[in-house]
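Below is one structure, written out as structure tokens; the observations come after it.
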Amino acid sequence: MKKILITGANAGIGLKTAEQFVNEGHHVILACRNMEKAQQARQLLQQQGKGQVDLIELDLNSLEKVNHSANQILSQYNHIDVLINNAGLISTHLARTEDGFEKHFGVNYLGHYLWTLKLLPLLKKAQQGRIIHLSSLAHWAGRIQPENFHADHHPAYHTFSSYGSSKLQNLLFSHVLAKQLQHSNVTSNAIHPGVVDSELYRQLPKLQYRVVSLALIPASKPAQLIKKMALDKSWAKKNGQYASVQTPALRSPKSKDMQLAQQLYDLSYDLIKQYL
Ligand SMILES: NC(=O)c1ccc[n+]([C@@H]2O[C@H](COP(=O)([O-])OP(=O)(O)OC[C@H]3O[C@@H](n4cnc5c(N)ncnc54)[C@H](OP(=O)(O)O)[C@@H]3O)[C@@H](O)[C@H]2O)c1
Numbered sequence: 001m002k003k004i005l006i007t008g009a010n011a012g013i014g015l016k017t018a019e020q021f022v023n024e025g026h027h028v029i030l031a032c033r034n035m036e037k038a039q040q041a042r043q044l045l046q047q048q049g050k051g052q053v054d055l056i057e058l059d060l061n062s063l064e065k066v067n068h069s070a071n072q073i074l075s076q077y078n079h080i081d082v083l084i085n086n087a088g089l090i091s092t093h094l095a096r097t098e099d100g101f102e103k104h105f106g107v108n109y110l111g112h113y114l115w116t117l118k119l120l121p122l123l124k125k126a127q128q129g130r131i132i133h134l135s136s137l138a139h140w141a142g143r144i145q146p147e148n149f150h151a152d153h154h155p156a157y158h159t160f161s162s163y164g165s166s167k168l169q170n171l172l173f174s175h176v177l178a179k180q181l182q183h184s185n186v187t188s189n190a191i192h193p194g195v196v197d198s199e200l201y202r203q204l205p206k207l208q209y210r211v212v213s214l215a216l217i218p219a220s221k222p223a224q225l226i227k228k229m230a231l232d233k234s235w236a237k238k239n240g241q242y243a244s245v246q247t248p249a250l251r252s253p254k255s256k257d258m259q260l261a262q263q264l265y266d267l268s269y270d271l272i273k274q275y276l
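Shown next, in the form of structure tokens:
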């Protein structure tokens, strides 16, 4: 029985992934912003599966709150086998986190960055720890522009490139972690889950949503691959990989740039170091 922590697990891919584990009797911890939806998710999972389901409140919109939730995990559990950094959003307008960061950067990436660094000691205490980051094919549209990290300094906001940048950041973070952890018992890998029928696209204008909906696949598809990456022997030694559902796992040139990845890591560290 493995202990698996999933962010944003009250809906979409996170919930379907949790279902896979609970059905096999694993112990799943759902880290969610909306606790009402999280309670409903737990009820649903417990009706179907045999594994234990715990809830923890996590709002990635605030570094202070991420720190608080991570401290709770550190005091409640002695190890974590699998960490799935899944929570994410698309914002069609320029929005800011409680710390003043642009929302995609703050929620999709920086919050998870702090969360992961805080929880690494628990993954190291597992027999084999595995970290899985939900990136996206959209990372091809991403750029690393530190001047855009803060919402106030955003001259020309564009939803898709801003979301894509956060997914590039997820991927670069996964690669740096993989390098740092290469001689440890923990691996770090990323996935593009496909274009999935979930609540992610809820804010998109109707016409854009119609285009997206032509390619939609059910959340159970990526959930199966995530489960494999989390538990399968074939993934035990894979580290720094990028897997993909629906399309070939092609990484953009920027996502392979380890110097850029390290620069992003160092800049991010400065932004969160007060919580470590
Ligand atoms: N769907 C796709 O086609 C697709 C494609 C590529 C990559 N992805 C990635 O896959 C991941 C899951 O997406 P999904 O499609 O399952 O989307 P979803 O159905 O919208 O689920 C997103 C989850 O993230 C949570 N979340 C949002 N903001 C949060 C915050 N501030 N703090 C904590 N949790 C927060 C949501 O919680 P609430 O219920 O509280 O809002 C929800 O549980 C995302 O990282 C996304 O970028 C998705």
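So for the sequence shown, UniProt numbering puts the first residue at 1; every next one is plus one.
All residues carry an ideal CB built from backbone N, CA and C; glycine is no exception.
- The closest heavy atom of ligand 1 lies 7 angstroms or more from the beta carbon of R42.
- C-alpha of L15 to C-alpha of G106: approximately 22 angstroms in a straight line.
- Annotation for A41: the continuous alpha helix (DSSP H) segment containing it runs M35 to Q48.
- The criterion of a C-beta distance shorter than 8 angstroms is satisfied by H79 and K3.
- Annotated three-state conformation of I13 is helix, per DSSP.
- Here the distance from the Cβ of S136 to the nearest heavy atom of ligand 1 is below 7 angstroms.
- Leaving aside the five residues that flank I191 on each side, the residues in its chain whose CB is nearer than 8 angstroms to its CB run, in chain order, I132, H133, L134, S135, P222, L225, I226, M229, Y242, A243, S244 and V245.
- If you check the CB distance, E57 and C32 come in under 8 angstroms.
- Scanning its chain for C-beta atoms nearer than 6 angstroms, with the 5 sequence neighbours on each side dropped, one finds around G49 the residues V22 and N23, in chain order.
- DSSP, read as helix, strand or coil, puts N239 in coil.
- One thing to note: N85 has its Cβ within 8 angstroms of the Cβ of T7.
- Shortest gap from the CB of H192 to any heavy atom of ligand 1: under 7 angstroms.
- S188 sits close to G240, with the two beta carbons spaced by under 8 angstroms.
- The secondary-structure analysis by DSSP pairs G129 across a beta bridge with V186.
- The beta carbon of Q262 is closer than 8 angstroms to those of V176 in its chain, skipping five residues each way along the sequence.
- Taken through DSSP and simplified to helix, strand or coil, S161 comes out as helix.
- Looking at D152, G129 and S162, the one whose alpha-carbon comes closest to that of W140 is S162.
- A distance below 8 angstroms separates the beta carbons of G25 and G51.
- The criterion of a C-beta distance shorter than 8 angstroms is satisfied by L123 and V186.
- Annotated as proximal: S255 and L168, with beta-carbon spacing under 8 angstroms.
- A direct Cα-to-Cα measurement between G194 and P253 gives close to 20 angstroms.
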